[in-house]
Amino acid sequence: MKFLKIVLPIVFIFIAISCNKDFLEPQPISAISEEGYFKTDEELESGILNMYDGIQGINDRNTSSNHSIQYEFYLTEIRTDNTRGKGSVDSDADQAQFVNYNIRATNGIVADYYRSMYNIIYRANVVLDNLDVASEANSAKFEGEAKFVRAYAYFNLVRLFGDVPLVEKVIAPLETEVSYTRVESSTIYKLIEDDLLTAVANLDDNTKNRASKAAAQALMAKVYLTLGEYSQAQTLCESIMNPARGFSLESNFKDVFYSEGNDEVIFAIGYEPDLIKDSQGFSSEWLNAVGYTAGVNYVTAEMREAFDQFGGERTLYSIRQDVIQPSEYQVAKYIPNGDENLGISPIASDPRLAGNDWIVIRYADVLLMHVEAILAGAEATTSSNAIESFKEVRNRAGITTEVTTITKEDLLNERRVELAFENQRFFDLLRFGEAQNVLSAYSTENKYNFTSSDLLLPIPSSEINLSKGLLQQNPGY
Amino acid sequence: MKLRIKLTLLALLSLQLFSYGQEQLVLSGTVTDSSNIPIPGANIIVMGTNRGVYTDFDGNFIINASKGEVLQISYIGYETKDITITDNTTYAVVLKESASELDEVVIIGYGTQKKSHLTGAISKVVNEDLEQIAVSRVDDALVGQVSGVNVQATEGEAGSAPTIRIRGTASISGALSPLIVVDGQVVDNDYLGALDMNNIASFEVLKDAASTAIYGSRGSRGVIMISTKMGKEGKTRFSYNTYTGYKRARQSDSYYFSVKKEAQTELEATGTLSDRTMYKQQIGIDTDWQDIIFTGGVITSHSIGARGGSKNTKFSVSGNYTHDEGVLLKDDFKKYNITLKIDTKVSDLFSFGANITPTFTYKDRFDGYAHDILRQPPWLPIYHNSNTIQYVNRDIYPDVQIGNYAVQRHFDDYDLYGNGSSVNISSTSNTNPAAKILERDRTEDRFKLYGSVYGQFNITKDLSFKTVFSGDFQNAKNRRWQGVEASRNGAAAAQLDISSQNVLHLTTESYLTFNKKFNDHEVNAIAGVSSETWDTEYESVRGTGYDSDLLQTITAATTISLAESEEYEKRLFSLFGRLNYAYKDKYLVSLSLRRDGNSALGPSNKYGFFPAASVGWNLAREDFLKNSKTINNLKFRFSYGITGNETFNTGSNLIDNYPYLALLEPSTAVVDGSLVSAFNPVNIANPGLQWERTKEINPGVDFGFFGNRITGSFEYYEKESDKLILYNPVSTTTGFANALVNIGEVRNEGYELEVTTRNIMSSDFRWSTTIIGSMNKNTLVDFADSNGQILSVDSKRAAEWINLEGEPISSFYGWVVDEEISPEHILDPYHPVGSQASGVYVKDLNGDGLIDNDDRTILGNPYPDLLWSITNDFKIGNFDFSFMFQGSHGAEVRNMADQYVFNHFNSTQQYNLQTTPNQDFIREKIFTNSIIQDASYVALRNVNIGYNFPRNLLERTKVFTRARIYASGQNLMYLTADGYTGFNPESIISTSATTYGYQLGGSPIFSTISLGLNLEF
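Residue numbers (the numbering used here), protein chains in the order written: chain H, 21 to 497; chain P, 121 to 1137.
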């Protein structure tokens, strides 16, 4: 019994020690808990920077990762007459669907983009939901920045998918009403407009990789052009064009893409080479069997023709012949592994970890939007303001022929070659009301399957399946 | 084998020869049972000495002993008998059956129990000859040994773990593999790959909730208790066991292609050969890629043990070396294992013991996918030779030389007719498939150590206190080198990944045990407390940019493109108790309770109670049956228990360990040329997350008839698991793709039968048969809002599953094949070689004249309905012979390998948009039952034939007490169902339980033929 007296206390001591509450509540070591975070300006700013991490996307081949804008070219370039897969033999099913307009609701790239954009919106909403902790000095700026990013994501969604669910704050999974109700495009545009108004009012021009006043104005100009509110667009463009703002065209077209942070850039997504988490992969996908595909975003015959006609000196730094398959042409913007002939040095030791920044908005786009605003939906314009902006862009390309009238077609062609492979073509065709004509002609010529319902992407089938009938699919899918 | 080891052994043995020989009486005798049947193999020792012999096949023995010494005669299932030596030199010993072998003891959680008193469903596998199955992991040897346990060779690479399920799939995101307990110590499942079968005494499989509830929140997946061998009092016994086996992969005939065969088909169908086919023939190569990657291999094992002890101290020391070359190209597995174990009784009051088992394993991986390689065309050689080099397109590949890897692209743009035209035959820009494997080195090195120290105090005669400190430590080091020639991108893509993970798991547990027998009552109780901690540290680094293969270090890399580290903790605190009561050995009751507290759950649901109760009635002990010759054992049991499951795998270690917190992980963005750090929310927190709960009832019966000629048990169980932890897909508009929730309910119900019949029991011929069968039915009973959800595992190749109430958890979903598209409508039906149309006509199930989502239906499920095995054991003289047939029926798999190998993704396999009729009725095969295949199989799992050297021969050596040689074969016959095209119907890649049954080629089933030797001295 003596032992019992010794032993039983030991047992109870164990129980006492182990029952200590902290024993069962170890704090995470490699992450922080959101509870107690987002209390200071610094903490809120880390939430702001996190939005750009979201736009950057993840550079890997995992189908459940958010690749974000790294996959955008499939939806906006390959889906037009600008580019295609290199020889359909090598393209995988999902990628090929954008070439021949056989996109299915199960397409993983479409789902990836949808998911990525809502993830960006979520990151912005986290900032907006916690805005009350911001100091007075920073509150407006933070709000402007988060709203710019949210508007940017919604603008992409509404143009690609049409009516989409409207998420204005952080939502829980059970809020299925929000998740599965497609809201009228006009309501989405209202949010975009409101958000951008705040951004324009609250931001300044200090940065190119984060939201700025100029970026908000330029994006807003494009929104207004899309909505047909031309005079407002014109005002916004002219504000950016004010020399005091410091934006100008690079004299050498190559420098736009290979000299980062140049004066022409208004808003770009920053990437760093050779870092898994901060590099991009799209540049290598556009090469011959360097990325994970055999080669995508290859230049179509139609596009080469456009460059022959309207390209001028830009052509050299826009398209190039594929050395391995000389009958094919590649994109010459954002080359990750260099090109001796063009005097471009490699950016990364592994081209799949490319560091080329992705330009979202640049000054040439603003100049051409200026022309578009003045044209205001008409077939042609002789406005000297418009002609001046138009010529500024053409002159840089070494095309100095006299311009007296700018037709809608001239402008569309000019945008096509100037902004080639910058994910503008699809949206330009839509805005100019030419998508149906141009794409069906292109499709017929190439024996693809374009129909008018292809102008909207399908809502991902994974969402439709989860919604159990609540979420409606776009027609034709 | 190593000559040096043999010589050393011989030297040791000859030393022993000299240490023998004192003058004593030569005693002889026979040992029989009560019905006068001789007992061979009975153990006879002279008490207090290290002398001992076994009876021969006729029950005879000869032993030297002096007058006054005591012979102890024992044999499993019989009562031990002591005989004091008199002047008599011959003895006829009759052993009494020990209550029909029911006093066999079974290991249960935190203790042992008489088998006759068991009230739960526990199966015991004694390691009699499992060690002669030539496999590198102990779990591989358990196939077909226990009812209700499905051991599936889901991955055939050397050293890789099989999938083990006890009584079906009861969880969705939770762990599904059983809890592993070695000598009372809970260890990671991965230890099954580190143990040495030669060192294992028995496996006890705890199946019903009443038996596993003592492990509370970890009980619902079943428990495998492993007991290792321990020395016995007496002379130290040495053992040496070895085998060498030859492994061969089972290939798939459907995945065999040849240029010649394909050309013939084309010629028959069209009357001509296309340019491509003519060109392919001209190259003159017909590579069988299965032959190249399924190389076969040798498996060898050596194990040495020494076990023995004195009255108070017992020990066991053993060492094992196993080398498995695997059947795949480059795969290889080596294992080094040492076990030290000692128990000592200091006094009647106090005893203690310790054990330690360090293990090293080294694994070289087949770093690729079989399906990826098998889709390569047969016209492609591995290396260029003097013939193939002439086809290389020199404009683009000027530097390719004989001996270099051949790449499909090299053969493009060939001018077949010499007229300036060109023909292309490549279907990928990738490098040579063999280069992908040969130019990569992927190793997984593991150091594992588990050990414990215990002290036991006998407080009174009936009450003892035991405290155990135990721990296991694992270091996992993975290294992956992708060489300059490993991919099409050459040096730019060369990279090195190194990662290291340390897991330290410490347990302290203390419990009181009370055993008392008074009059007709027998009480056995425990009460205890345990706390466990897991600390995990992980680091990884990736170097990119290598110009050559010369230096494969991180230092030699141009850049470090990724460097990460992570640390996390998990803790468990538990109280447990159990009371077993038996009245007259007839009426049995068992009650148990465990309370677990888990750090991964939120404050409101941290603790869970897991009670269990079971009763039993030994009918055969009632007076009216007591003397029955027909019914020797008949016990009815009924058990009920609640167990839990608390593990889940979301793919993120952080979420797995702190799911109740909203976590922020560091992220980075690039602003104006520099990196800025940020924090990114990684999960939707669930503060209310709680245990999955499993309630199970299990009526069962144990029986023994006709003098125990027929013994066995029968079980029925109904297992309802609810509050399932699910990493459920949510609308991505939330910013996330998944959230952890508790929803739904799954039911598993089934029957299990184990019967052994001793068909012939004569003295020189014995034959017994064991039949094991289990049936399980899995039903998703409730799935709340997720009922009817349709999921896919890969958004790029999105085959679909449905989770529908009333059906199994996962069912394959899609359209039903109507008929194939005629080859004339396929763009290029004979290129690539062996390809098949990517689409197929499907059925309009609802007859509305069009094909839409409503025509999809359930196409099958991946869970087997019936698992069985039949083992026959023969002992004829000194020979023994056994064989086991084993089978699985009713499961289907989605064989994705067909998609790759038959090139369903290739656009030349699409139908012609201009000519093909009824295109609206065509769907891609991946969305149909075209690739859903019956995964049933019947295998001749094991065949063993052995020869025991006769005792008199061994005695002449004065060294050996046992010598046996054997030959063994595994999977010598393996039959698959009609329509199964792959090489391993058991292969399944790990996905969520909601999308189970995804077969991605995998690695093949293999057969092994081995020769082995067991020596004891």
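Just so it is clear, CB atoms sit at the ideal spot from N, CA and C, and this is done for glycine as well. Since the model is a prediction, treat every value here as computed from it, not as a measurement.
Buried or exposed for residue i, going by 16 or more other Cβ atoms inside 10 Å?
| i | result |
| --- | --- |
| residue 515 of chain P | exposed |
| residue 142 of chain P | Legend: pLDDT at residue 142 of chain P = 42, less than 50; position of this residue unreliable, no value from coordinates given. |
| residue 1093 of chain P | exposed |
| residue 111 of chain H | At residue 111 of chain H, the pLDDT of 42 sits below 50, so the modelled position is not reliable; the number obtained from the coordinates is stated separately. The residue in question, residue 111 of chain H, is buried, as its Cβ has 16 or more Cβ neighbours within 10 Å. |
| residue 225 of chain P | exposed |
| residue 81 of chain H | exposed |
| residue 219 of chain H | buried |
| residue 140 of chain P | In this prediction, residue 140 of chain P scores a pLDDT of 42, lower than 50, which makes its location untrustworthy; the coordinate-derived value is nonetheless stated afterwards. Exposed, by the Cβ-count rule. |
Measuring alpha carbon to alpha carbon, tell me which residue in the options is nearest residue i.
| i | options | result |
| --- | --- | --- |
| residue 551 of chain P | P:611, P:956, P:238 | P:611 |
| residue 334 of chain P | P:579, P:729, P:1027, P:1109 | P:729 |
| residue 1040 of chain P | H:122, H:485, H:422 | H:122 |
| residue 1097 of chain P | P:493, P:837, P:1058 | P:1058 |
| residue 1033 of chain P | P:1114, P:1004, P:986, P:948 | P:948 |
| residue 463 of chain H | H:320, H:45, H:228, H:80 | H:320 |
| residue 643 of chain P | P:1067, P:237, P:202 | P:237 |
| residue 1130 of chain P | P:1105, P:957, P:1063, P:1110 | P:1063 |
| residue 1157 of chain P | P:747, P:713, P:726 | In the structure as shown, chain P starts at 121 and stops at 1137, and residue 1157 of chain P therefore has no counterpart that could be examined. |
| residue 456 of chain P | P:294, P:935, P:313 | P:313 |
| residue 271 of chain P | P:561, P:258, P:285 | P:285 |
| residue 672 of chain P | P:701, P:736, P:603 | P:603 |
| residue 899 of chain P | P:878, P:877, P:923, P:148 | P:923 |
| residue 1139 of chain P | P:771, P:1114, P:1037, P:880 | Residue coverage of chain P in this structure runs from 121 to 1137, which leaves residue 1139 of chain P outside it and unanswerable. |
Could you name the residues that DSSP lists as bridge partners for residue i?
| i | result |
| --- | --- |
| residue 895 of chain P | P:871, P:986 |
| residue 920 of chain P | P:933 |
| residue 1090 of chain P | P:1062, P:1128 |
| residue 1002 of chain P | P:993, P:1064 |
| residue 355 of chain P | In DSSP, residue 355 of chain P forms no bridge with anything. |
Chain B beta carbons: is any one of them nearer than 8 Å to that of residue i?
| i | result |
| --- | --- |
| residue 96 of chain H | Chain labels in this structure do not include chain B; the protein chains are H and P. |
Self-check item: Contact between the stretch 146–158 of chain H and the stretch 214–227 of chain H (3+ Cβ pairs under 8 Å)
Solution: Taking one beta carbon from each stretch, the stretch 146–158 of chain H and the stretch 214–227 of chain H have fewer than 3 pairs nearer than 8 Å; the two do not touch.
Quiz item: Where in the stretch 458–496 of chain P do unbroken runs of the alpha helix (DSSP H), each at least 4 residues long, occur, reported from the N-terminal end onward?
Solution: Correct list: 490–494.
Quiz item: Hey, is the stretch 885–895 of chain P in contact with the stretch 992–1003 of chain P, meaning 3+ C-beta pairs nearer than 8 Å?
Solution: Yes, the stretch 885–895 of chain P touches the stretch 992–1003 of chain P.
Quiz item: Hey, which unbroken runs of the beta strand (DSSP E) at 3 residues or more fall wholly within the stretch 137–191 of chain P?
Solution: Counting whole runs of 3 or more residues, the stretch 137–191 of chain P contains the beta strand (DSSP E) stretches 145–153, 163–166, 172–174, 180–185.
Quiz item: What residue ranges within the stretch 283–341 of chain H form continuous beta strand (DSSP E) runs of no fewer than 3 residues, ordered along the chain?
Solution: For the stretch 283–341 of chain H, whole beta strand (DSSP E) runs of length 3 or above, ordered along the chain, are 285–289, 339–341.
Exercise. Give a yes or no on contact between the stretch 315–332 of chain P and the stretch 398–414 of chain P, applying the rule of three or more CB pairs nearer than 8 Å.
Key: They do not touch, by the three-pair rule.
Exercise. Inspect the CB distances between the stretch 829–848 of chain P and the stretch 859–874 of chain P and report whether three or more fall short of 8 Å.
Key: Yes, since at least three Cβ pairs between the stretch 829–848 of chain P and the stretch 859–874 of chain P fall closer than 8 Å, the two stretches touch.
Self-check item: Every unbroken beta strand (DSSP E) within the stretch 723–756 of chain P, with a cutoff of 3 residues, ordered by chain
Solution: Taking only runs of at least 3 residues, the beta strand (DSSP E) segments lying wholly in the stretch 723–756 of chain P are 727–738.
Quiz item: Touching or not, the stretch 1015–1032 of chain P and the stretch 1100–1113 of chain P, by the rule of three or more beta carbon pairs under 8 Å?
Solution: Contact check between the stretch 1015–1032 of chain P and the stretch 1100–1113 of chain P: three or more CB pairs, one atom from each, fall below 8 Å, which counts as touching.
Self-check item: the stretch 756–772 of chain P in contact with the stretch 808–815 of chain P per 3-pair CB rule at 8 Å
Solution: They touch, by the three-pair rule.
Quiz item: When the Cβ atoms of the stretch 1063–1077 of chain P are set against those of the stretch 1023–1037 of chain P, are three or more pairs found closer than 8 Å?
Solution: When C-beta atoms of the stretch 1063–1077 of chain P are compared with those of the stretch 1023–1037 of chain P, fewer than three pairs fall below 8 Å, so the two segments do not count as touching.
Practice problem: Taking 8 Å as the threshold, find out whether the stretch 316–328 of chain P comes into contact with the stretch 237–255 of chain P through three or more Cβ pairs. | Solution: The answer is yes - the stretch 237–255 of chain P touches the stretch 316–328 of chain P, with three or more Cβ pairs under 8 Å.
Practice problem: Please determine if the stretch 308–321 of chain P and the stretch 437–457 of chain P are in contact, where contact requires at least 3 C-beta pairs separated by less than 8 Å. | Solution: Segments in contact, yes.
Quiz item: Is the stretch 628–648 of chain P touching the stretch 586–597 of chain P, taking contact as three or more C-beta pairs under 8 Å?
Solution: Because the criterion of three Cβ pairs below 8 Å is met, the stretch 628–648 of chain P and the stretch 586–597 of chain P touch.
Self-check item: Ordered list of beta strand (DSSP E) runs contained in the stretch 221–277 of chain P, each at least 3 residues
Solution: Listed in chain order, they are 225–228, 231–234, 242–246, 269–272.
Exercise. Determine contact between the stretch 658–678 of chain P and the stretch 613–627 of chain P, defined as no fewer than three beta-carbon pairs at a distance below 8 Å.
Key: Output reads yes: the stretch 613–627 of chain P touches the stretch 658–678 of chain P.
Quiz prompt | Length at least 3, wholly inside the stretch 641–713 of chain P: the beta strand (DSSP E) runs in chain order | solution = Whole beta strand (DSSP E) segments, 3+ residues: 641–664, 679–703.
Quiz item: Is it a yes or a no for the stretch 500–514 of chain P touching the stretch 572–579 of chain P, going by three-plus beta-carbon pairs under 8 Å?
Solution: The answer is no - the stretch 572–579 of chain P does not touch the stretch 500–514 of chain P, with fewer than three Cβ pairs under 8 Å.
Exercise. Output the residue ranges of the alpha helix (DSSP H) runs that lie fully inside the stretch 551–599 of chain P and measure 4 residues or longer, sorted by chain position.
Key: Runs of the alpha helix (DSSP H) inside the stretch 551–599 of chain P: 553–558.
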